[in-house]
Amino acid sequence: MGNLLFKNAHVIDPSQKLDTVGDVLVVDGKIADFGKALSCSADNIIDASGLVLAPGLIDLHVHLRDPG
């Protein structure tokens, strides 16, 4: 997996009190950089305009019963 750059993503991270629009660079599966208008090269660039990028979400509407 190469470098991945998300451009113009709505980034939400409650643990960091972060709720903003920016670019996120992922290198080897880990966040390497974050900021506005990052100017770096990446193997894959994703236009995330209008999309939300968050560390994890939990589905609170789960049914745990047989048969599953």
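Numbering (numbering that gives the first Met the number 0), first residue to last: 0 to 67.
Don't be surprised by glycine CBs; every beta carbon is placed ideally from N, CA and C.
Leaving out the 5 sequence neighbours to the left and right, which residues in its chain are closer than 8 Å to residue i when beta-carbon positions are compared?
| i | result |
| --- | --- |
| G34 | G21, D22 |
| I30 | V23, L24 |
Using a Cβ-Cβ cutoff of less than 6 Å, which residues in the same chain neighbour residue i once the five nearest sequence positions on both sides are dropped?
| i | result |
| --- | --- |
| S48 | N7 |
| D32 | L24 |
| L56 | none |
Return the chain-ordered list of same chain residues with a C-beta closer than 7 Å to the C-beta of residue i, the five sequence neighbours on each side being excluded.
| i | result |
| --- | --- |
| D18 | I11 |
| D46 | K6, N7 |
Along the chain, where does the beta strand (DSSP E) that runs through residue i open and close?
| i | result |
| --- | --- |
| D12 | 3-12 |
| L17 | 17-26 |
| K35 | Taken as a continuous stretch (DSSP letters only), K35 belongs to no beta strand (DSSP E), as it is neither H nor E. |
| D46 | 43-46 |
Could you tell me how far apart the beta carbons of residue i and residue j are, in whole angstroms, since I believe they sit closer than 8 Å?
| i | j | result |
| --- | --- | --- |
| A53 | L4 | The pair is not a contact, with the Cβ atoms about 17 Å apart (cut-off 8 Å). |
| V26 | N2 | 5 Å |
| V51 | H9 | 5 Å |
Any idea which residues DSSP pairs residue i with across the strands?
| i | result |
| --- | --- |
| V51 | H9 |
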